[in-house]
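Sequence order for the protein chains is A and B.
Numbered per our numbering, the first sequence finishes at 426, counting up by one with no gaps.
Numbered per our numbering, the second sequence finishes at 426, counting up by one with no gaps.
Even for Gly, the Cβ is constructed at its ideal location relative to N, Cα and C.
A quick write-up on the structure given underneath.
Number of protein chains: 2
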Amino acid sequence: MTKPNRYYDNLEQNLMFFKVLRKTNDFIHANPEKHIYQMGIGDVTLPLCKASIEAMHKAVDEQANKETFHGYTLGAGAPFLRNAVASYYKKRNVELSIDEIFITNGAGEDIGALVDIFDIDNKVLIIDPTYPQYADTNIMDGREIIRLCANEENGFLPLPDPNIKADIIYICSPNNPTGAVYNKQQLKQWVDHANKTGAVIIMDSAYEAFIEDPSLPRSIFEIEGAKTCAIEICSLSKTAGFTGMRCGYTVIPNELARDNRSLNRLWKRNRATKLNGVPYIIQRAAEAVFTDDGMCECMKNIGVYKNNARCIMQTLDKLGIWYCGGVNSPYIWMKCPNNMGSWEFFDYLLNEIQVVTIPGVGFGNGGDGYMRLSSFGDTNEIEKACERLYALLKGI
Amino acid sequence: MTKPNRYYDNLEQNLMFFKVLRKTNDFIHANPEKHIYQMGIGDVTLPLCKASIEAMHKAVDEQANKETFHGYTLGAGAPFLRNAVASYYKKRNVELSIDEIFITNGAGEDIGALVDIFDIDNKVLIIDPTYPQYADTNIMDGREIIRLCANEENGFLPLPDPNIKADIIYICSPNNPTGAVYNKQQLKQWVDHANKTGAVIIMDSAYEAFIEDPSLPRSIFEIEGAKTCAIEICSLSKTAGFTGMRCGYTVIPNELARDNRSLNRLWKRNRATKLNGVPYIIQRAAEAVFTDDGMCECMKNIGVYKNNARCIMQTLDKLGIWYCGGVNSPYIWMKCPNNMGSWEFFDYLLNEIQVVTIPGVGFGNGGDGYMRLSSFGDTNEIEKACERLYALLKGI
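Spelled out as structure tokens, the structure:
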């Protein structure tokens, strides 16, 4: 008799994003005349850069002719794209060889798959609140989860606790959901801690392109010692609007080994078995992102999102509501007024002003009482949502 | 200290396809003037159908404009494509609801990922020889592998052995590498066996489009009782030349449960956590495959490969060499002459006539003494390779 994976029983039944969607749809169904203002969703709304569009039209035409047709690509990714990623890192003085770079179907896909190269018997440190996928993918495998509290006191940027023993440490900076960003000194503390304890850091840098403060690290490999303790997962979803394109990259340094096994080699073996390559057309679109024209246009789009973020921050400033994030991040993490819980405040905003936000408690119990506001929506909609937010909360 | 997954130690170090590539490249390096004839590779060589090309150009243009831009799609796949797959099954009188259909990044990706929903403590039955990925992905998780011998006596189509207790059973029909195809009566024996023992069959139907005999089943769900014991993994790689596109579909019936857990629901949860959807553009190209024009052109391409297969089979017939497959399959499984081992014969063909084939032993010890010949190459090249094969082997 086949035995299903019973660790799935330990997962929360309601995925938070689906619950938000369901509540929103229920409201629309009951109030079809009301307009909904999106200030929650993590999906982008601006189109792809012209360089990617042109690269894809060309690649599609290549697939139409026998002479230029492309079949399987390498599981680790096409060399042209791995070289482009290596050049991107080099701009920040991070030297990588292309066999340290793996092209992926997106950061989410690699966060889900990467844990395969680790034994079940590893303790996993998750900063709470955080993106739910880090915990869920490990719960599915049966690994023990330890939660480290992020809160207003530590600026939602907790530092290593020498009393907590963990083998795998997830860090997301700029953080989803809090928008908080570790500086070099803080990240160095994590790197030193991992090297000292033999832990491996899985660094989610999906939002690195939003960092505008040049003193802040955009890659963990800007930190000395990281190559012996860290894996970095990155994505073009937010850098270049690739949420519906699915392409990212994961870096596993050749120096990174545990128990005499190279993690780079384990992952290479995994990818050769479990991935028949990212679509050729998508890889060409991704290559175009790293050209001067492509990156320039992507940064213009990010500029639009940053203006949206500023609109939200100004509204919260006027209201005197505590928040963090927003400057070097697409997300603003706001405190719910009047000690409301996250879902209570979610319902309040949906029912009163039809503004959809993301309840902080969906990212862990440490997030209760907070909301994640997203700058990825349409500018006009966000401006109107901010006006409605101000009107509703100014007297509260 | 992080513990790597030590089960990777149990994998063979040399992936067979890489060994073939290395040997071929070594030969080219030593003999740069010699032309290589490809009769090994499982990759396709004909371009995509026009319907897919047009659909992609349109989808790319949609991604260039804010009004038509598509971000994240559902982890389980876009409804338009799931509906197209359901209609495709309906042509063979298989009724599926769209929530039983999951759009994937390709069959290889799902073969690698699907085992996540099963406990480590399941015994896995693999037919030997077979596609190496079934075993490798389970070895990586530490599951016990039982091998069932396929050989000339059973036509490389072994039937259930009541003395062998397994929980997960992999079946590939039309088979890779042997090209053998189970008929309905044989497949019914597997379905009955699985329902009786509580095992789950993972059916790899990647080559179903090559079946021309209308009496042969193209889906396991054509067999009564399959919905309570089978998962089917399918691919557009060979149906529509999607090897570099990466798109397939997996069917998990709602009726399929073990230990009171719906496997469909477990997989839905897995996909919601580990997959942020297949690229929108690729899903539109896949949708176009299922249109009348798309499918007609794809079947024309398959016709070209089938002509290649006939050329190979006629050559082996003239030589009096035993083989199977080739009629309802892109692969021909030939016996090496003079009791040569697979690698010995591989080297012989490479060195003497520069024809690259795939050693049968790469698919399991039961494949030693056989070779997999592929019809996916260029027709002119295959014709020349056949002439060279005939000239070399006619006197042997």
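Listing by chain order, which chain B residues have their CB less than 8 Å from the CB of residue i?
i      : result
A/M275 : Q93, P309, Y310 and I311
A/M31  : D197, T227, G228, A229, R288 and D289
A/Q384 : Result: empty, since nearest Cβ-Cβ is about 21 Å, beyond 8 Å.
A/K325 : Inspection of the sequence shows that residue 325 of chain A is occupied by Met rather than by Lys. None at all; the shortest Cβ gap to chain B is about 17 Å.
A/N40  : Simply none; closest approach about 11 Å.
Closer than 7 Å by beta-carbon distance: list the chain A residues that pair up with residue i, in chain order.
i      : result
B/T258 : Those do not exist, as B/T258 stays about 12 Å from chain A at its closest Cβ, beyond 7 Å.
Which partner residues does residue i have in the DSSP bridge list?
i      : result
B/L178 : B/I157
A/S265 : A/G278
A/S404 : A/Y361
B/F148 : A/P34
A/I253 : None, per the DSSP bridge assignment.
A/S292 : A/A287
B/Q68  : B/V386
A/M233 : A/I201 and A/E262
Roughly how many angstroms separate the alpha carbons of residue i and residue j, rounded to a whole number?
i      : j      : result
B/D347 : B/G355 : 13 Å
B/K195 : A/N35  : 19 Å
B/G228 : B/D151 : 14 Å
A/D146 : B/G136 : 19 Å
A/N123 : B/G390 : 48 Å
B/A224 : B/I231 : 7 Å
B/I141 : B/T54  : 28 Å
B/F186 : A/M233 : 48 Å
B/A210 : B/I201 : 11 Å
A/N206 : A/I157 : 11 Å
B/Q215 : B/S249 : 13 Å
B/L286 : A/S372 : 37 Å
A/L422 : A/A85  : 46 Å
A/P244 : B/A260 : 55 Å
A/A94  : B/C79  : 7 Å
B/N338 : A/V154 : 53 Å
B/N61  : B/D408 : 22 Å
A/L41  : A/M170 : 7 Å
B/G307 : B/L379 : 43 Å
A/C328 : A/N395 : 35 Å
A/I133 : B/N381 : 35 Å
B/Y237 : A/N184 : 56 Å
Alpha carbons only, please: which of the options is nearest the one belonging to residue i?
i      : options                           : result
A/G350 : A/A339, A/C366 and A/K336         : A/C366
A/C341 : A/C326, A/M329, A/P360 and A/G324 : A/P360
A/Y279 : A/I128, A/M343 and A/Q344         : A/I128
A/K96  : B/G307, B/D91 and B/N331          : B/N331
B/F110 : B/K121, B/T98 and B/I131          : B/I131
B/D197 : B/R177, B/F240 and B/E252         : B/R177
B/T98  : B/I169, B/P283, B/T167 and B/Y310 : B/Y310
A/C264 : A/I282, A/T258, A/G255 and A/K257 : A/I282
A/L51  : A/V386, A/K414 and A/F406         : A/V386
B/K268 : B/S235, B/I199 and B/A256         : B/S235
A/R295 : A/A106, A/N168, A/V357 and A/E254 : A/A106
A/A143 : A/D149, A/T167, A/K121 and A/A89  : A/T167
A/K298 : B/Q43, B/M325 and B/M31           : B/Q43
B/K120 : B/F320, B/I66 and B/S82           : B/F320
A/A165 : A/I83, A/Y37 and A/K226           : A/Y37
A/L217 : A/S203, A/K226 and A/T208         : A/S203
Can you pull the chain B residues whose beta carbon is under 9 Å from the beta carbon of residue i, in chain order?
i      : result
A/L45  : R299, A302 and T303
A/G329 : What sits at residue 329 of chain A in the sequence shown is Met, not Gly. None at all; the shortest Cβ gap to chain B is about 17 Å.
A/L296 : P34, N35 and Y38
Please compile the residues from chain A whose C-beta is within a distance smaller than 9 Å of the C-beta of residue i.
i      : result
B/F148 : T32, K33, P34 and N35
B/M170 : D146, I147, R299, N300, T303 and K304
B/A143 : G142, A143 and K304
Using a cut-off of 7 Å between C-beta atoms, extract the partners of residue i located in chain B.
i      : result
A/Q163 : T303
A/L293 : P34
A/T167 : T303 and K304
Taking Cβ-Cβ distances shorter than 8 Å, what residues in chain A pair up with residue i?
i      : result
B/Y200 : By Cβ distance, chain A contributes nothing, its closest Cβ being about 13 Å from B/Y200, past 8 Å.
B/N435 : Residue coverage of chain B in this structure runs from 31 to 426, which leaves residue 435 of chain B outside it and unanswerable.
Contact set between the stretch 82-99 of chain A and chain B, restricted to residues whose Cβ is under 7 Å from the partner: I83, M86, H87, V90, Q93, A94, N95, K96 and F99
Mind checking the stretch 130-141 of chain B against chain A and listing, in chain order, the residues whose C-beta falls within less than 9 Å of any C-beta there? N135, G136, A137, G138, E139 and I141
Interface residues of the stretch 100-126 of chain B facing chain A [CB-CB below 7 Å]: H100, G101, Y102 and T103
What are the residues in the stretch 231-263 of chain A lying within 7 Å of chain B by C-beta distance? none
Using a Cβ-Cβ cutoff of 8 Å, what residues of the stretch 56-79 of chain A are near chain B? List them in chain order. D73, V74, T75, L76, P77 and L78
Which residues, in chain order, does the stretch 382-411 of chain A contribute to contact with chain B at a C-beta distance below 7 Å? none
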